[in-house]
Structures are given as structure tokens and as C-alpha cells.
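**Student:** Protein chains in written order, with the numbering used here: chain Z, 448 to 670; chain F, 448 to 670.
Ideal Cβ placement from N, Cα and C applies to all residues, glycine included.
Computed from a prediction, not measured in an experiment: that's the story for all the values here.
Just passing along the structure, written as C-alpha cells.
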Ligand SMILES: Nc1ncnc2c1ncn2[C@@H]1O[C@H](COP(=O)(O)OP(=O)(O)OP(=O)(O)O)[C@@H](O)[C@H]1O
Ligand SMILES: Nc1ncnc2c1ncn2[C@@H]1O[C@H](COP(=O)(O)OP(=O)(O)OP(=O)(O)O)[C@@H](O)[C@H]1O
Ligand SMILES: [Mg+2]
Ligand SMILES: [Mg+2]
């Protein structure tokens, strides 16, 4: 499981001190499906980056099973992320010089029991775009490539920052069923930041943030 | 008004021919509030880029009042856009080396009767972030800076590609009321691409796209 203890992140810029995370405490069980909701600027992306080792806390402890993430150096964090974690970023982060299939391939190389590339591209509806480059894709198509790349290695934990923000309702449903399947069939721990409350209804628990703090943790009884 | 006549955009990549826009015909009156809906990849961003002169059609004619956009060269298009049009892009496009206030300033310089910078920052809820740089902002905060930058010059026509995609419901409402005010008080023609059907309900007309074509144009009778 994942454990956060008194996690705080402060950004200082001259006189100004911004709290992005403030004394966050949280435990997430293996295989859980968590949704994180909260207003713009409330600390969701920062919390996700800290849990996953993409960013370091100002103070506090983060552990994933036996590994203490907050004690690792850059090299250890890179190795840990590559072997265990999948990411869908808020800004897609595709490699511009690689085409769709190659971008997904990059994610696949490090998996122990990865999916086939064509299989995941089929699941996100992009099989016939596999030879295109990111600049040749619509906003939603780029977002779906980034989803395919994260899913293909069958990671232990999937971190998704607004995975359906640029997608219409239909496409969003398809993508969410891919993520749900990962969670239900492969027991991937799934953490999704979203502004879409209907995604909240699919989760085991809903974590609400406001002004850098966890203000509510709600169990979804109807699951 | 804006007029599209038989506008077509084809992308060719070796053997593959992709229609992004196919024989589009459309007229938009001055001061109209138009919403463009459609699945991911249906041609919305491409259509917007062609209407606004950011991209050129493969064939067809685009005119804005007396100006024939499709006949202009790069220099004329740049001048026309700068003097008349405001843009909110799907990917924000902020200048990374300028802070929030400076990014909005860039938009203001070219206006004939622009708003005050602090006034628009207040309207999008970012007044106390005015000295931050884009990398120091959340996804939704960056989107709101790009909104402030587009609004501040009080353009004749506003093109908005998913202006609220990264925003929570509350913040999205605030931003939409800023855009509506532009349309109602200053008679700015407002064209919004969105996946949010509730924005569709605020518009004068809804244009639906599918597979590169305009498939439906619906009047909103309750306006
Ligand atoms: N430079 C290009 N080369 C080839 N195909 C392209 C290029 N640019 C866009 N396309 C294709 O044109 C189609 C329309 O793209 P567009 O960005 O207009 O879609 P959209 O409706 O804005 O989608 P979204 O809602 O996902 O942003 C897509 O199938 C896209 O892959
Ligand atoms: N490098 C930085 N320097 C200063 N402040 C920062 C920095 N990075 C983030 N912040 C601030 O930390 C706060 C939380 O940011 P974060 O990106 O986690 O928000 P978020 O909940 O993901 O918002 P959104 O829904 O808009 O994406 C924001 O107020 C942001 O301005
Ligand atoms: Mg964020
Ligand atoms: Mg688009």
C-alpha cells in the first residue's frame, strides 16, 4: 500500500510562501481505485507528484510497501518509477520525434508482462493513427496516446492527472473502461485526479482537497 | 460576420489522406455566441484555426466582414489577428519567461480600448498570483492566465478551444461569466469549442461536428 505521513510541500519565492500540500496524511491499499477531487490550485497535481516520487516533499514521509520514497535519491526514484509506476500527465508529455506506436513502445519496454502495442491502441481507439506524430494529432488523440503509453506496461500503481479532460463523453467512457479493467483484472492501484464527478462514482474512495489540505475522505458504499 | 464557403482541409502523409475539414459551409453573425461540439478528432480545432487564419484551408473561402482571410499572406494574417482576434488555445501557449501579469500585458498592448490588467486578473481569480511564472502555476491556473490574456484586449471575435477543460465546476462558471460578459456587454463574437454540454445551453447556436463535417446546426430558442 501507499502511505503519506505529515506530507508538506512549500514553495518559496522571495517573500512569498505558497503551501501546495499541508500536513497530508493518507493510506491507500493495494488495488484500490481512488479519485482525487478539488478546486483548481488546491494541490492535487503536487500531491500526486510527491506520492509518485516525481517531486520531493518539504517535510513528511512517503512509503510504497517497503520502499521509503522520501528517502530515495534521484537515481533510485527513476528506477523505482520505471519499474512500478504508470503516469498520465495533465499535459500529455509525448515525445515529439516519435510516432504514436513508438511513444507507446517507450512505455512498454520496461514492463514485466506488458500488453501488446496494437492491443492498447485498439482499446483507446487509435490503431489507425499509429504512424502519426504528436503534432498531427488532435488534443484528445494526444491524451489517448499518453493513456496507452501508461497502461501498456501493466504498472503496479497508475497515477492519472485529468486523463479525460480533453475528451468527449463517448471517448472518456472508453478510456475509463480501459483504466477500470486494469484495476479490476490486473489489480493495479488506480489514482485519478479529475474534475468529472461521475468518475468519482466509479471509485472505491473519493479524496477531496482544498487549499493544500485533505478535507474529506469518502467511501463509495455502492461499489 | 464570418463566412465559410466549401472549406476543406486535407492532410497528406505519404499514402495516407486525412480529412480534417470537409466542405464546411457556415455563417456567423456579429455578436453571436456559438458553441462547437463534436467527438475527439472530428475537426473542431482545425476549423477554428482556419476561420481565424492560424491555418490555411486546402480549398474554400473564409471571409470576416470585408476581409477575405483565405487570400491573405502570412504578414497580413498576423496583423489581422493581432488587431481583431482573441485566442484561448487548447494547450494554453503561455510565454514561459514572462510572469502572469506580463503574459496578460502581451495581450493588452494591441487593444484599442483594453481592460486593465488587474481587472481581468481579478475576474479569473488570479490577482494574487500576478508575479508567478507559468511553471509555478497549476494546470487550471495556467488556463486562466491564457483566458485573461485573450480577454484583456476586448477583441472583435474570441476563439476559445476548450477554455474550461482543466477547471473545476466553480472556476469554470467564473470564467464563462467573464466570456459571456464580453459577448453581452461588448458585443464580442464568441466561438467556444467544448465537451461541456452545459456551455452549449448558454449559446445562441450549437454547431455539431463529426468526421470533419458540420452535421448539425441548432438554434437555442430559450436565449
Ligand atoms: N498535421 C496533421 N497531419 C495529419 N493529420 C492531422 C494533422 N493535424 C490534425 N490532424 C487530424 O485531423 C483530425 C482533426 O483534428 P482536430 O485537432 O481538428 O480535432 P478536434 O475535433 O479538435 O479533436 P479534440 O477534441 O481531440 O481536440 C484528427 O483526426 C487529427 O488526427
Ligand atoms: N514551482 C512552484 N512555485 C510556486 N507555487 C507553485 C509551484 N508549483 C505549484 N505551485 C502552486 O501550488 C498550488 C497547487 O498547485 P497544483 O498544481 O498541485 O494544483 P491542482 O490542484 O493540480 O490544480 P489544477 O486543478 O488547476 O490543475 C497552486 O496554487 C500553484 O500555484
Ligand atoms: Mg493539476
Ligand atoms: Mg481540439
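Starting from residue 657 (chain F), trace the beta strand (DSSP E) in both directions and tell me its first and last residue.
**Tutor:** It spans 652–657 - the beta strand (DSSP E) in which residue 657 (chain F) sits, taken as one unbroken run.
**Student:** Could you name each continuous alpha helix (DSSP H) segment of 4 residues or more that falls completely within the region 516–575 of chain F, going from the start of the chain to the end?
**Tutor:** If we require 4 residues or more, the alpha helix (DSSP H) runs fully inside the region 516–575 of chain F come out as 521–531, 547–555 and 564–570.
**Student:** Does the separation of the CB atoms of residue 564 (chain Z) and residue 599 (chain Z) fall below 8 Å?
**Tutor:** Their beta carbons are under 8 Å apart, which means residue 564 (chain Z) touches residue 599 (chain Z) by this criterion.
**Student:** Restricting to Cα atoms, I'd like to know which of Z:575, Z:613 and Z:641 is closest to residue 590 (chain Z).
**Tutor:** Selected option, being the one with the closest Cα: Z:613.
**Student:** Could you tell me whether the region 522–536 of chain F touches the region 482–501 of chain F, using the rule of 3 or more Cβ pairs below 8 Å?
**Tutor:** Yes, they touch.
**Student:** From residue 638 (chain F) to residue 452 (chain Z), what distance separates their C-alpha atoms?
**Tutor:** About 47 Å.
**Student:** Locate the alpha helix (DSSP H) running through residue 595 (chain F), then write down its first and last residues.
**Tutor:** Start and end: 586–598.
**Student:** From residue 596 (chain Z) to residue 640 (chain Z), what does the alpha carbon distance come to, in whole angstroms?
**Tutor:** Their backbone Cα atoms lie some 18 Å apart in a straight line.
**Student:** Just to confirm the assignment, what range does the beta strand (DSSP E) spanning residue 647 (chain Z) have?
**Tutor:** No beta strand (DSSP E) holds residue 647 (chain Z); the alpha helix (DSSP H) holding it covers 644–647.
**Student:** For residue 615 (chain Z), which residues in chain F fall below 9 Å Cβ to Cβ?
**Tutor:** Neighbours of residue 615 (chain Z) on chain F, chain order: 484, 485, 486, 487, 489 and 642.
**Student:** In the structure shown, what three-state DSSP assignment does residue 667 (chain F) receive?
**Tutor:** Looking at residue 667 (chain F) - three-state DSSP - the assignment turns out to be coil, as it is neither helix nor strand.
**Student:** Just to confirm my understanding: we take residue 744 (chain F), look at its own chain, exclude 5 residues before and 5 after, and list those with CB closer than 6 Å. What are they?
**Tutor:** It is not possible to answer for residue 744 (chain F), since the shown part of chain F is limited to 448 through 670.
**Student:** Which same chain residues end up closer than 6 Å to residue 510 (chain Z) when comparing Cβ atoms and leaving out the 5 residues on each side of it in sequence?
**Tutor:** Around residue 510 (chain Z): 450.
**Student:** Please check the pair residue 489 (chain Z) and residue 643 (chain Z), which I expect to be a contact at CB under 8 Å, by giving their CB distance rounded to whole angstroms.
**Tutor:** Not really, about 16 Å apart at Cβ, beyond 8 Å.
**Student:** Whose Cβ in chain Z lies nearer than 9 Å to the Cβ of residue 647 (chain F)?
**Tutor:** Going along chain Z, no residue has its Cβ under 9 Å from residue 647 (chain F), so there is no contact; the nearest lies around 12 Å.
**Student:** With residue 693 (chain F) as the anchor, note down where its alpha helix (DSSP H) starts and where it stops.
**Tutor:** Since the first residue of chain F shown is 448 and the last is 670, residue 693 (chain F) is not available in this structure.
**Student:** Strictly under 8 Å for the Cβ-Cβ distance: is residue 503 (chain Z) near chain F by that measure?
**Tutor:** No, residue 503 (chain Z) does not count as interfacial toward chain F.
**Student:** Report the rounded CA-to-CA distance for residue 655 (chain F) versus residue 473 (chain Z), giving the unit in angstroms.
**Tutor:** Cα to Cα, the separation comes out at about 44 Å.
**Student:** Can you tell me which of F:659, F:577, F:471 and F:518 puts its alpha carbon nearest to the alpha carbon of residue 463 (chain Z)?
**Tutor:** For the residues F:659, F:577, F:471 and F:518, the minimum Cα distance to residue 463 (chain Z) belongs to F:577.
**Student:** Counting only Cβ pairs nearer than 8 Å, list the residues of chain F close to residue 466 (chain Z).
**Tutor:** Going along chain F, no residue has its Cβ under 8 Å from residue 466 (chain Z), so there is no contact; the nearest lies around 13 Å.
**Student:** Under the assumption that residue 495 (chain F) contacts residue 606 (chain F) (Cβ atoms under 8 Å), give the Cβ distance between them as a whole number of angstroms.
**Tutor:** At roughly 5 Å, the Cβ-Cβ gap stays under 8 Å, so residue 495 (chain F) and residue 606 (chain F) are in contact.
**Student:** In the DSSP assignment, the alpha helix (DSSP H) including residue 616 (chain F) goes from what residue to what residue?
**Tutor:** 616–633 is the extent of the alpha helix (DSSP H) around residue 616 (chain F).
**Student:** Sorted by chain position, which residues of the same chain lie with C-beta nearer than 6 Å to residue 491 (chain Z)'s C-beta, five sequence neighbours on each side aside?
**Tutor:** For residue 491 (chain Z), where only same-chain residues beyond five positions count, the Cβ hits under 6 Å are 483, 485, 640 and 656.
**Student:** Work out the CA separation of residue 621 (chain F) and residue 604 (chain F) for me, nearest whole Å.
**Tutor:** In a straight line, the C-alpha of residue 604 (chain F) is about 20 Å away from that of residue 621 (chain F).
**Student:** Please name the residue, chosen from F:556, F:631 and F:516, that lies closest to residue 454 (chain F) on a Cα-to-Cα basis.
**Tutor:** It is F:516.
**Student:** For residue 458 (chain F), would you say it is in contact with chain Z, using Cβ-to-Cβ distances shorter than 8 Å as the test?
**Tutor:** Residue 458 (chain F) counts as touching chain Z.
**Student:** DSSP on residue 580 (chain Z), reduced to helix/strand/coil?
**Tutor:** Looking at residue 580 (chain Z) - three-state DSSP - the assignment turns out to be coil, as it is neither helix nor strand.
**Student:** Determine the DSSP secondary structure at residue 601 (chain Z), reduced to helix, strand or coil.
**Tutor:** Residue 601 (chain Z): coil per DSSP, three-state reduction.
**Student:** Rounded C-beta distance between residue 481 (chain Z) and residue 651 (chain Z)? I'm assuming under 8 Å.
**Tutor:** Confirmed, about 7 Å.
**Student:** If you draw a straight line from the C-alpha of residue 479 (chain Z) to the C-alpha of residue 503 (chain F), how long is it?
**Tutor:** About 48 Å.
**Student:** If the cut is a Cβ gap below 9 Å, which residues of chain Z does residue 583 (chain F) touch?
**Tutor:** Near residue 583 (chain F) (Cβ distances below 9 Å), the residues of chain Z are 458, 460 and 465.
**Student:** Measuring CB to CB, does residue 592 (chain F) end up less than 8 Å from residue 550 (chain F)?
**Tutor:** For residue 592 (chain F) and residue 550 (chain F), yes; Cβs fall inside 8 Å.
**Student:** I'd like to confirm the pairing. Which residues does DSSP put opposite residue 464 (chain F) in its beta bridges?
**Tutor:** Partner(s): F:459.
**Student:** Can you check DSSP and say which residues form a bridge with residue 662 (chain Z)?
**Tutor:** According to DSSP, residue 662 (chain Z) bridges with nothing at all.
**Student:** Any idea which residues DSSP pairs residue 514 (chain F) with across the strands?
**Tutor:** Residue 514 (chain F) pairs with F:511.
**Student:** Let's see if you can read the secondary structure: which residues bound the alpha helix (DSSP H) around residue 495 (chain F)?
**Tutor:** Element bounds for residue 495 (chain F): 491–498.
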